[in-house]
Amino acid sequence: GDGVFGKVYRGTLPNSKTRVAVKRISHESKQGLREFMSEITIIGRLRHRNLVQLLGWCRHGGNEDLLLVYEFMVNGSLDSYIFGKPKVILSWEQRFKIINGVASGLLYLHEGYEQVIKSLLNYVLSFSYFILIFIIDKLLVVIHRDVRASNVLLDDEMNGKLSDFGLAKLYEHGENPTTTRVVGTVGYLAPELHRTGKATTSSDVYSFG
6 GDGVFGKVYR GTLPNSKTRV AVKRISHESK QGLREFMSEI TIIGRLRHRN
56 LVQLLGWCRH GGNEDLLLVY EFMVNGSLDS YIFGKPKVIL SWEQRFKIIN
106 GVASGLLYLH EGYEQVIKSL LNYVLSFSYF ILIFIIDKLL VVIHRDVRAS
156 NVLLDDEMNG KLSDFGLAKL YEHGENPTTT RVVGTVGYLA PELHRTGKAT
206 TSSDVYSFG
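My numbering numbers the first residue of the sequence shown as 6 and each following residue consecutively.
1. Are the Cβ atoms of serine 168 and aspartate 84 separated by less than 7 Å?
2. I'd like the list of long-range same chain contacts for arginine 15, defined as Cβ closer than 8 Å, with 5 residues on each side in sequence excluded.
3. To test your reading of the DSSP string, which unbroken beta strand (DSSP E) runs of 3 or more residues are found completely within the stretch 67–124?
4. Does the distance from the C-beta atom of glycine 171 to that of serine 43 stay below 7 Å?
5. Quick check on DSSP: helix, strand or coil for histidine 53?
6. Tell me which residue opens and which closes the alpha helix (DSSP H) that tyrosine 198 is part of.
7. According to DSSP, isoleucine 47 sits in a beta bridge with which residue or residues?
8. In the structure shown, what three-state DSSP assignment does serine 21 receive?
9. Take glycine 110 as the anchor and find which of Gly49, Lys174, Arg54 has the nearest alpha-carbon.
10. What does DSSP give as the partner residues of leucine 60 in its beta bridges?
11. Check each candidate in Leu60, Ile45, Asn80, Val74 and name the one with the smallest Cα separation from lysine 92.
12. Give the straight-line distance between the Cα atoms of arginine 64 and tryptophan 97, rounded to the nearest whole angstrom.
13. What residue from Val74, Lys102, Glu162, Phe88 has the CA that sits closest to isoleucine 48's CA?
14. Taking 6 Å as the limit between beta carbons, can you name the residues of its chain near lysine 90, skipping five residues before and five after?
15. Throw me the rounded Cβ distance for the valine 13 and lysine 166 pair, which I believe falls under 8 Å.
16. Which of the three DSSP states, helix, strand or coil, is assigned to leucine 194?
17. Rounded to the nearest angstrom, how far is the Cβ of leucine 60 from that of phenylalanine 41, given a contact under 8 Å?
18. Just verifying my parser: in three-state terms, what is the DSSP assignment at arginine 150?
19. Assign serine 216 to buried or exposed, taking buried as 16 or more other Cβ atoms, counted over all protein chains shown, within 10 Å of its Cβ.
20. Can you tell which of Glu162, Arg100, Gly11, Arg50 has the C-alpha that lies nearest to the C-alpha of tyrosine 113?
21. Suppose you measure from the CA of isoleucine 148 to the CA of alanine 195; what does that come to, to the nearest Å?
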């Protein structure tokens, strides 16, 4: 299929026979190169059942070939079920499962690291107060900036997984977003973005809603 900055192909790993999706980024697009680097640096370090997993990447011949390899989502994107002509209609149970999954993925991006640390605090009582505060202050927050139906992919069990982190930004916990460039998809953008230009976890939640 075709993406914003390149094409997506279906492939199979020769040894394990695992099906994968391979995104080939257009080398003619500067934004495509930025997306490539963003995907590697952000989603490459994240692990959650409701985020599409990046399995590997390849940069060959300078910027001639920029390839990203993901787990294959057999049931495609959510927007094909909403705006297309699907062969089956999603049941209410499936709809709730998808929404709940994407919400869980967003929570992990926005607060996941902090939640993990806080759960550990109950067991590690030997840390000092100052050390704990230092750890929490260095936690990272990911703002997706392009939450929409076409970026929600469905696996073989109809679990919703958030994908496409090319526009995502990484911040330290408590840090104010510095970018003032509005990016995203019209119809999903929070109204305040046109005034402030600063994407936040709240603007992600608006797009999700």
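Heads up, the beta-carbon is just placed ideally off N, CA and C, and yes, glycines get one too.
Reading it off the structure:
1. To locate residue 168, count along the sequence shown from 1; it is residue 163. To locate residue 84, count along the sequence shown from 1; it is residue 79. It is not a contact, given that the beta carbons lie outside the stated cut-off.
2. Mapped onto the sequence shown, residue 15 falls at position 10. If we look at arginine 15 and ignore the five residues flanking it on each side, its Cβ neighbours are Arg24, Val25, Ala26, Val27, Phe77.
3. 70–76
4. For the purposes of this step, residue 171 is identified with residue 166 of the sequence shown, where counting begins at 1. For the purposes of this step, residue 43 is identified with residue 38 of the sequence shown, where counting begins at 1. Closer than 7 Å, so yes.
5. The residue labelled residue 53 in the question sits at position 48 within the sequence shown. DSSP places histidine 53 in coil when its eight states are reduced to three.
6. Position 193 of the sequence shown, counted from the start, is the residue given in the question as residue 198. What sits at residue 198 in the sequence shown is leucine, not tyrosine. Start and end: 198–201.
7. Stepping through the sequence shown from its first residue, residue 47 is reached at position 42. DSSP, once it has assigned bridges, lists no residue as partnering isoleucine 47.
8. On the sequence shown, residue 21 is found 16 positions in, with the first residue counted as 1. Correct three-state label for serine 21: coil.
9. Locating residue 110 in the sequence shown gives position 105, where the first residue counts as 1. Checking every option, the nearest Cα to that of glycine 110 belongs to Arg54.
10. In the sequence shown, the residue the question calls residue 60 occupies position 55. BP columns for leucine 60 are empty, so no partner.
11. Counting from one through the sequence shown, the residue named residue 92 turns up at place 87. Here the closest residue by C-alpha is Asn80.
12. Taking the first residue of the sequence shown as position 1, residue 64 is located at position 59. Taking the first residue of the sequence shown as position 1, residue 97 is located at position 92. In a straight line, the C-alpha of arginine 64 is about 42 Å away from that of tryptophan 97.
13. Along the sequence shown, read from residue 1 onward, the residue named residue 48 stands at position 43. For isoleucine 48, the nearest C-alpha among the options comes from Val74.
14. Locating residue 90 in the sequence shown gives position 85, counting from the first residue. Excluding sequence neighbours, lysine 90 sits near nothing in its chain.
15. Your numbering for residue 13 matches position 8 in the sequence shown. Your numbering for residue 166 matches position 161 in the sequence shown. At roughly 15 Å, the Cβ-Cβ gap does not stay under 8 Å, so valine 13 and lysine 166 are not in contact.
16. As a working mapping, residue 194 is identified with position 189 in the sequence shown. Note: leucine 194 maps to coil in three-state DSSP.
17. Counting from one through the sequence shown, the residue named residue 60 turns up at place 55. Counting from one through the sequence shown, the residue named residue 41 turns up at place 36. Not quite, the Cβ-Cβ distance comes to about 15 Å (not below 8 Å), so this is no contact.
18. Start at 1 with the first residue of the sequence shown, and residue 150 comes out as number 145. Coil.
19. This structure gives no information on residue 216, because the portion of the chain shown stretches from 6 to 214.
20. Taking the sequence shown and counting its residues from 1, the one referred to as residue 113 is at position 108. The residue with the shortest Cα to Cα distance from tyrosine 113 is Arg50.
21. Here residue 148 refers to the residue found at position 143 when the sequence shown is read from its first residue. Here residue 195 refers to the residue found at position 190 when the sequence shown is read from its first residue. One C-alpha to the other measures close to 13 Å.
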